[in-house]
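The block underneath contains the structure these notes are about, expressed in structure tokens.
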Amino acid sequence: MRKKIFYYILPIFAFIACSEEFTENPAVGALSDQALQNAEGVDLLLTGAYSALTGAVNNNGGNQFSVSPDNWWFDVMSDDAHKGSTDGDQADLYNLETYTFTPANPYILGKWEALYGGVNRANAVITVIEGIEGEDFSEKLAEVRFIRGYLNFELQKIYGNPAFISAENYANSEFNQPNPGPIWEQIEADQKFAIENLPDTQDDAGRPTSWTAKAFLGKTYLFQEKWQEAYDILQDVIQNGPYGLNEEFVSNFRAGGENSKESVFAIQFAADDGLSYNGNVGGTLNFPNESNVLGWCCGFYVPTQDLVNAYKTGADGLPLLDNYSDTDVVNDYGLNSYKTDGDGNVLEDANGDPIPTDFTPETGPLDPRLDYTVGRRGIDYNGYGINPGKAWVRNSFSDLSGPYLPKKNVYYAGEEVNMGTGSWGQQHSGINYNVMRFAGVLLMAAEAAVELDDLDTALDYVNQVRERAKNSSYVQAEDGSPAANYNIEPYDSFPDKEFALKAVRFERRLELAMEGHRYFDLARWGPTFMKNTIDEYVANETETIPNFGPKVSPFKEYMVIMPIPTTAIDLSGNVLEQNPQY
């Protein structure tokens, strides 16, 4: 494994800027641009720009858990995840899940400030490099322009109409820029510069290469429905680039699989042998709420029944594209883990162990990726033993969340290198976040191929992903046999374009669930498509969790993008304009 580039929070930034808010001027400090206009200064500033990818920047006034680059709370706004915990815990997140949020929501502000804080750091590097004469920093400039392009892409896909802050704006302290429309052109310019000036390989894992930039430009084209441009450049990455699928699906979420051939670009988190700010601070709450065995907190970010149902397969090993939600995968919602007496005391056997309530997991055919994605009662939980169900779930039966646990973001037993636990159970995980995996590249190319009526290529790429899942190791029961009735097969054909598009979109969900992509996929597939999907999800989920539907307000089509934060508009003196209908 190559060494990581570490994103240490640099003391130097205390001298450079006291604030990284979007509309505030950076304070004049002890270190001038002139003092930093050398190789060492550029490296220091560039490391600071990389550290902003974690979301941890100075003086973020929004919600501290909103900043994580894995975009976990956007999954909560989709059909993949519930907020978890009790309804009253993190009420602002409850409002996001129930579609009752306003532009003043601290999660929306926190993400905005984190991304613009990163843009400012990137612009600081660009400004310093542009002031250096007689030395070639084109490769470093390409790195930081890739970073800026990535951050602006995030702003674009989340807010729809963000302001673009150029390096010239930064140098002149002109932070108060308008937001007249999308900034795709500026994002493409940064990505194309990165393609032309980055090397094909890097010594440090975590630094982008020209191939990384090509993959991200392909994604930028895809989001704009530039199908031919997306197809062409993604084909180049697939056919000629250095990437490939890992042999094991789960390797993408294990310490030993970090920065593997499947990782196109990953945020380099680190636990540093304890609770570190180089860990995933934004994902602190998203672990099972079990203090006696696991010592963790706080029960947020739990998968939905709808997501679990999507992993059902037919006798042919294919997903149930049109009727996956007709019946539920067997679940333990409403069932406590252990038997109790009339006074509510847990009953114990002769050995003093609690006696479990009767429960048999689903026996029908399932996609094996389910049990690497979702923690279910009766199935091993990342090497920590059999998941007992409700005992590890924080939310009560009166809350709107269900009986499941997240798995991809939770480290495995024995992987101490990624474990960072605080005094009250908070976790700053050192697990890398794969912003883009090669499986995602294959599925983006498949989607573009379908739109261009190339169903054979789409079939090939979808089946490569499914074949890997089929040939991976499966989660095991205690006796060493498969933990469930796993059955997955590739498609024989795509009979027509409509079927192919449905299959590709469904495969993205199965492969990339709980990785922060679902909300944005639904949004880019169109407001009507997203509303219909969410409406159907709410109705189906309410069949399992009866109090879910009554708590949820109707999804509005304008919610495919987030509002501009109220605080940002106020600080701009109304230079920033609110998105329509907010």
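Just so we're aligned: the sequence shown equals residues 243 to 824 in our numbering. Built from N, CA and C at the ideal position, the CB exists for glycine as well.
Q: Note down the Cα distance separating Tyr566 from Asp378, rounded to an integer number of angstroms.
A: As a first step, residue 566 must be located in the sequence shown, where it is residue number 324. As a first step, residue 378 must be located in the sequence shown, where it is residue number 136. Each residue's Cα considered, the two are about 56 Å apart.
Q: Check whether the stretch 707 to 717 touches the stretch 526 to 543, taking contact to mean three or more Cβ pairs, one atom from each stretch, closer than 8 Å.
A: Touching, no, given that fewer than three Cβ pairs across the two stretches are closer than 8 Å.
Q. Distance, Cα to Cα, Ser452 vs Pro596?
A. By 1-based counting over the sequence shown, the position of residue 452 is 210. By 1-based counting over the sequence shown, the position of residue 596 is 354. Taking the straight line joining both Cα atoms gives about 56 Å.
Q: Look up Leu752 in the DSSP assignment and say whether it is helix, strand or coil.
A: For the purposes of this step, residue 752 is taken as the residue at position 510 of the sequence shown. Leu752 falls in the helix class under three-state DSSP.
Q: Could you check the C-alpha separation between Tyr716 and Tyr761 for me, to the nearest Å?
A: The count along the sequence shown starts at 1 and reaches residue 716 at position 474. The count along the sequence shown starts at 1 and reaches residue 761 at position 519. Whole-angstrom Cα-Cα distance: 28 Å.
**Q.** Entirely enclosed beta strand (DSSP E) segments - the stretch 281 to 334, minimum 3 residues
**A.** 323 to 326
Q.
Could you compute how far the alpha carbon of Leu335 sits from the alpha carbon of Tyr473?
A. Working through the sequence shown from its first residue, we reach residue 335 at position 93. Working through the sequence shown from its first residue, we reach residue 473 at position 231. Roughly 37 Å between the two C-alpha positions.
Q: Enumerate in chain order the residues of its own chain whose CB-to-CB distance from Ile437 is below 7 Å, with the five nearest sequence positions on each side excluded.
A: As a position in the sequence shown, residue 437 is number 195, starting the count at 1. If we look at Ile437 and ignore the five residues flanking it on each side, its Cβ neighbours are Ser452, Ala455, Lys456 and Leu459.
Q) Where does Leu608 sit, in a helix, a strand or coil, going by DSSP? A) What you label residue 608 is simply residue 366 of the sequence shown in a count that begins at 1. Of the three classes helix, strand and coil, the one that applies to Leu608 here is strand, per DSSP.
Q.
Whether or not the stretch 463 to 481 and the stretch 492 to 503 are in contact is what I'm after, with contact meaning three or more pairs of Cβ atoms, one per stretch, closer than 8 Å; do they touch?
A. no
Q.
Please return the same chain residues whose Cβ sits closer than 8 Å to the Cβ of Gly682, not counting the five positions on each side in sequence.
A. Along the sequence shown, read from residue 1 onward, the residue named residue 682 stands at position 440. Result list for Gly682: Val506, Arg750, Glu753, Leu754 and His759, in chain order.
Q.
Less than 7 Å between C-beta atoms, sequence neighbours within five positions excluded: which residues of the same chain meet that for Met804?
A. Looking up residue 804 in the sequence shown gives position 562. If we look at Met804 and ignore the five residues flanking it on each side, its Cβ neighbours are Ile350, Ile400 and Tyr401.
Q: Indicate whether Phe797 and Tyr341 have their beta-carbon atoms separated by less than 7 Å.
A: Here residue 797 refers to the residue found at position 555 of the sequence shown. Here residue 341 refers to the residue found at position 99 of the sequence shown. Yes, these two residues count as a Cβ contact at 7 Å.
Q: Count the other CB atoms, across all protein chains shown, that sit within 10 Å of the CB of Asp568; report buried if there are 16 or more and exposed otherwise.
A: Reading the sequence shown from its first residue, position 326 is the one you call residue 568. With fewer than 16 Cβ atoms within 10 Å of its Cβ, Asp568 is classed as exposed.
Q: Compute the Euclidean distance between the alpha carbons of Met661 and His670, then round it to the nearest angstrom.
A: Here residue 661 refers to the residue found at position 419 of the sequence shown. Here residue 670 refers to the residue found at position 428 of the sequence shown. For Met661 and His670, the distance between alpha carbons rounds to 7 Å.
Q: Can you give me the Cβ contacts of Val692 inside the same chain, cut-off strictly under 7 Å, excluding the 5 residues immediately before and after it?
A: Residue mapping note: residue 692 aligns to position 450 of the sequence shown, counting from 1. Here the set comprises Ala700, Lys739, Ala742, Leu743 and Val746.
Q | Beta-carbon gap between Ile475 and Ala687 smaller than 7 Å | A | As a working mapping, residue 475 is identified with position 233 in the sequence shown. As a working mapping, residue 687 is identified with position 445 in the sequence shown. No, the pair does not count as a contact, with Cβ atoms beyond the cut-off.
Q: Starting from the C-beta of Thr443, find all residues in its chain whose C-beta is less than 8 Å away, skip the five residues before and the five after it, and write them out in chain order.
A: Here residue 443 refers to the residue found at position 201 when the sequence shown is read from its first residue. The residues are Thr451 and Pro484.
Q. How do the stretch 542 to 556 and the stretch 306 to 321 stand: do at least 3 beta-carbon pairs fall below 8 Å, yes or no?
A. yes
Q.
Please give the ranges of any alpha helix (DSSP H) in the stretch 508 to 588, keeping only runs that are unbroken, at least 4 residues long and fully inside the region.
A. 547 to 552
Q: Rank Pro788, Trp314 and Thr555 by C-alpha distance to the C-alpha of Ser638 and give the top, closest one.
A: The count along the sequence shown starts at 1 and reaches residue 638 at position 396. Selected option, being the one with the closest Cα: Pro788.
Q.
Give me the DSSP bridge partner(s) of Asn676.
A. As a first step, residue 676 must be located in the sequence shown, where it is residue number 434. Note: Asn676 sits in a beta bridge opposite Ala508.
Q) Asp702 to Asn305, Cα distance in whole Å? A) Here residue 702 refers to the residue found at position 460 of the sequence shown. Here residue 305 refers to the residue found at position 63 of the sequence shown. Using only the alpha carbons, I get a separation of about 43 Å.
**Q.** Cβ neighbours of Val523 in the same chain (closer than 6 Å, five flanking residues each side left out)
**A.** Taking the first residue of the sequence shown as 1, we reach residue 523 at position 281. Excluding positions up to five away in sequence, the list reads Ala298 and His670.
Q) In the structure shown, what three-state DSSP assignment does Pro404 receive? A) As a working mapping, residue 404 is identified with position 162 in the sequence shown. In this structure, Pro404 counts as coil in the three-state DSSP scheme.
Q: Would you grab the beta carbon distance between Leu818 and Pro420 for me? Rounded to a whole angstrom, and I think it's under 8 Å.
A: Here residue 818 refers to the residue found at position 576 of the sequence shown. Here residue 420 refers to the residue found at position 178 of the sequence shown. Confirmed, about 7 Å.
Q: Could you tell me which residues DSSP pairs with Thr663 in its beta bridges?
A: Taking the sequence shown and counting its residues from 1, the one referred to as residue 663 is at position 421. Note: Thr663 sits in a beta bridge opposite Gln669.
Q: Take Asn821 as the anchor and find which of Thr344, Thr296 and Asn300 has the nearest alpha-carbon.
A: The sequence position of residue 821 within the sequence shown is 579, counting from 1. Closest by alpha carbon: Thr344.
Q. With 16 other CB atoms within 10 Å as the buried threshold, where does Ala269 fall?
A. Stepping through the sequence shown from its first residue, residue 269 is reached at position 27. In this prediction, Ala269 scores a pLDDT of 46, lower than 50, which makes its location untrustworthy; the coordinate-derived value is nonetheless stated afterwards. With fewer than 16 other beta carbons inside 10 angstroms of its own, Ala269 counts as exposed.
Q. For Tyr349, which of helix, strand or coil comes out of DSSP?
A. Looking up residue 349 in the sequence shown gives position 107. Tyr349: helix per DSSP, three-state reduction.
Q) Is it buried or exposed for Gln718, if we count other Cβ within 10 angstroms and need 16 for buried? A) To locate residue 718, count along the sequence shown from 1; it is residue 476. Under the 10 Å beta carbon count, Gln718 is surrounded by fewer than 16 other beta carbons and is classified as exposed.
Q: In the DSSP assignment, find the alpha helix (DSSP H) that holds Thr808 and state where it starts and stops.
A: Counted from its first residue, the sequence shown places residue 808 at position 566. Thr808 -> alpha helix (DSSP H) spans Thr808 to Leu813.
Q: Quick one: residues in its chain with C-beta nearer than 6 Å to the C-beta of Val309, no 5 flanking neighbours on either side, listed in chain order?
A: Position 67 of the sequence shown, counting from 1, holds the residue named residue 309. Result list for Val309: Gly297, Gly352, Ala356 and Gly524, in chain order.
**Q.** Residues near Lys712 by beta carbon distance below 7 Å, same chain, minus five either side
**A.** In the sequence shown, residue 712 corresponds to position 470, counting from 1. Closer than 7 Å at the Cβ level, and outside the excluded window around Lys712, lie Ile730 and Glu731.
**Q.** With 16 other Cβ atoms within 10 Å as the buried cut-off, status of Gln398
**A.** The count along the sequence shown starts at 1 and reaches residue 398 at position 156. Gln398 is buried by the Cβ-count criterion.
Q) In chain order, what residues of the same chain have a beta carbon less than 6 Å from the beta carbon of Asn365, not counting five sequence neighbours either side? A) Position 123 of the sequence shown holds residue 365. Here the set comprises Ala409 and Tyr412.
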